[in-house]
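Peer 1:
Residue numbers (my numbering): 152 to 568.
#1: In chain order, what are the residue ranges of uninterrupted alpha helix (DSSP H) at least 4 long that sit wholly in the segment 432 to 483?
#2: Comparing C-alpha positions only, which one of 245, 527, 308 sits nearest to residue 206?
#3: Helix or strand or just coil, what does DSSP make of residue 197?
#4: From 160, 202, 166, 192, pick the residue whose C-alpha is nearest to that of residue 538; which is it?
#5: From residue 379 to residue 490, what does the alpha carbon distance come to, in whole angstroms?
#6: So, at 7 Å on beta carbons, what are the nonlocal neighbours of residue 519 in its own chain, with the 5 sequence-adjacent residues on each side left out?
#7: For the beta strand (DSSP E) containing residue 265, list its first residue and its last residue.
#8: Under 8 Å, with one C-beta from each stretch per pair, do the segment 219 to 230 and the segment 242 to 250 reach the 3-pair mark?
#9: Since residue 429 contacts residue 437 with CB under 8 Å, what's their CB separation in whole angstroms?
#10: Using 8 Å as the threshold, is the segment 497 to 507 in touch with the segment 383 to 396, meaning 3 or more CB pairs across them?
#11: Out of 493, 456, 262, point me to the one whose CA is closest to residue 475's CA.
#12: Report yes if the CB atom of residue 221 is closer than 8 Å to the CB atom of residue 349, and no otherwise.
#13: My output table needs one value for residue 243: the three-state DSSP class, helix, strand or coil.
#14: Going by DSSP, what residue range makes up the alpha helix (DSSP H) through residue 164?
#15: Cα separation between residue 243 and residue 270?
#16: Report back the beta-carbon spacing between residue 335 and residue 353 to the nearest angstrom; my notes put them in contact at under 8 Å.
#17: Applying the 10 Å Cβ sphere with the 16-neighbour rule, what's the burial state of residue 557?
#18: What separation, rounded to the nearest whole angstrom, lies between the Cα atoms of residue 214 and residue 433?
#19: Would you list the one or two residues that DSSP bridges to residue 501?
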């Protein structure tokens, strides 16, 4: 499970910013919203959190930072110089444009805590460190720092607790690649759990990812998946009788144009798999409706179902940008409560989303430490802060106070020229 994430000098972020799932001492919704860790330092973490803030304040960039770090951890050994350079996107206004980007991720996997940090610029990895906690004291398994004077990495001694042909792994690590990636690919058993979690238990979903229903269509042959999808649709009052993969020739050639004209989204590849919904009425013959002609909200809800279901069933961390776009506020609440309902989600799933839907700023469905605010500072750099920093009362009407500007992180309409 994720404990926290830090970043510095990435896109709209200049100074160090920290997000954490670590729960406060507040006992509100503790039995449903929190996961016990077994650690004295951080006894509980939250299952869900939402980031609110104005347009262009940096919410998407926060999720992009996690996706970029994931990409580097898994694939840095295969990057060309140009590919590493493409992933270096520093804050452009000021001296930070020549400074490294920094990421740190804090995880608890089983009873072992991993704190992995890295930094890089356009030319090389500039630092890398892994701290591992098997007891209360950390073990520094490895650490490297690029020395600009010597134009080479300076390595700290490897921890005695970190086993394997470490020198061979070190020599195999290029300046543009992470030692973590190289060692794991060269069969480091101790690093395998960390990389496995990053690859299989972390998913980041952006709006463009939800335009394609192929992932859903390919799973409709699984009767249990299909049954759960239909049940979810009916639960939110979308009364679909059946669902199936659409025939390739069932979609008119101009369907995408019609959908775009109606305010929906047009697929980039009309030939890719999509689905059809069956609507049956007693007084008329059954109709199979192609998803292209469905409401945008229905389309998005179906596309969200697969990653949400995977997170719930497998205990994954799921990040979703613009979580509730086109969804009715009550449906958004329903999906959020699925993650916090212990009967529906009991495997340690976690959800971090961005939203503008202030009806979710409700202390009946969220804890105060699960609401985060993104704003721009005086340098037009993104600043992330927890709602708790404003010390809201336990029964406070958060949405009302937020829209009135009490906590900040709202657009200043008409106040700036």
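The beta-carbon is built from N, C-alpha and C at its ideal position, and this holds for glycine as well. Every value quoted in this text rests on a predicted model; they were computed, and no experiment measured them.
Peer 2: According to the structure data:
#1: 447 to 465
#2: 527
#3: Strand, per DSSP.
#4: 202
#5: Looking at the backbone, the Cα of residue 379 and that of residue 490 are separated by about 15 Å.
#6: 177, 538, 539, 543
#7: 263 to 271
#8: no
#9: 6 Å
#10: Pairwise C-beta distances place the segment 497 to 507 out of contact with the segment 383 to 396, as fewer than three of them are shorter than 8 Å.
#11: For residue 475, the nearest C-alpha among the options comes from 456.
#12: In contact: residue 221 and residue 349 (Cβ atoms closer than 8 Å).
#13: Three-state result, residue 243: coil.
#14: Residue 164 -> no alpha helix (DSSP H), and no H or E assigned at all.
#15: Rounded to whole angstroms, the gap between the alpha carbons of residue 243 and residue 270 is 17 Å.
#16: Rounded, the Cβ-Cβ distance is 15 Å, inconsistent with contact.
#17: exposed
#18: Approximately 47 Å between the Cα atoms of the pair.
#19: 468
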